[in-house]
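With positions in the sequence shown counted from 1, the corresponding number in my numbering is that position plus 173. Idealized CB from N, CA, C, for every residue including glycine. Fair warning: this is a prediction, and the values are worked out from it, not measured in the lab. Heads up: the structure comes next, in structure tokens.
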Amino acid sequence: MSFRNTQVVGRAYEALNASDIDAALALAAPDVQWIPSEGSPFEGSYRGRERVKRFFQEEWVGVFDDLRMEVRRLVEAAEGVVVAVVHFTGRGRASGAELAIDIAHLWRLRDGVVVEVRVYPRPEDALQAAGLQE
């Protein structure tokens, strides 16, 4: 297993928490794919750096204030597969409602470059999808 992959994922979260979407996407392949969780208000998937950037700008930064993703657990399941259990917090820009949930992201990397991120609303589902047990 490669510590490099977990370092890449950690750097992506650092960039996202600093609202530096470009720095996060610099770690990704040109055809990177972001796949929201089933049942989320976001339909389909987002492919390519520019489309993923628009998603973050319009659906995350544009909707939430004080958005933070605190990585609680970062595990490389297999070569090129990293699971991040994340405590996601923010405040709705329009409503002022506070949000605090634990979710997971399953990252796929090739040669240290992010090629896919899939969102899971339940961390145990991401761990299972990666072949890990809770």
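- Between residue 188 and residue 196 the beta-carbon gap is near 4 Å, inside 8 Å, which marks them as a contact.
- Contact annotation: the segment 246 to 253 does not touch the segment 223 to 230, with fewer than three C-beta pairs closer than 8 Å.
- For residue 181, the closest alpha carbon among the candidates 287, 273, 301, 299 is that of 287.
- The three-state secondary structure of residue 289, taken from DSSP, is strand.
- Its chain contains 253, 254, 288, 289 as the residues whose beta carbon lies nearer than 7 Å to that of residue 281, once the 5 sequence neighbours on both sides are disregarded; these appear in chain order.
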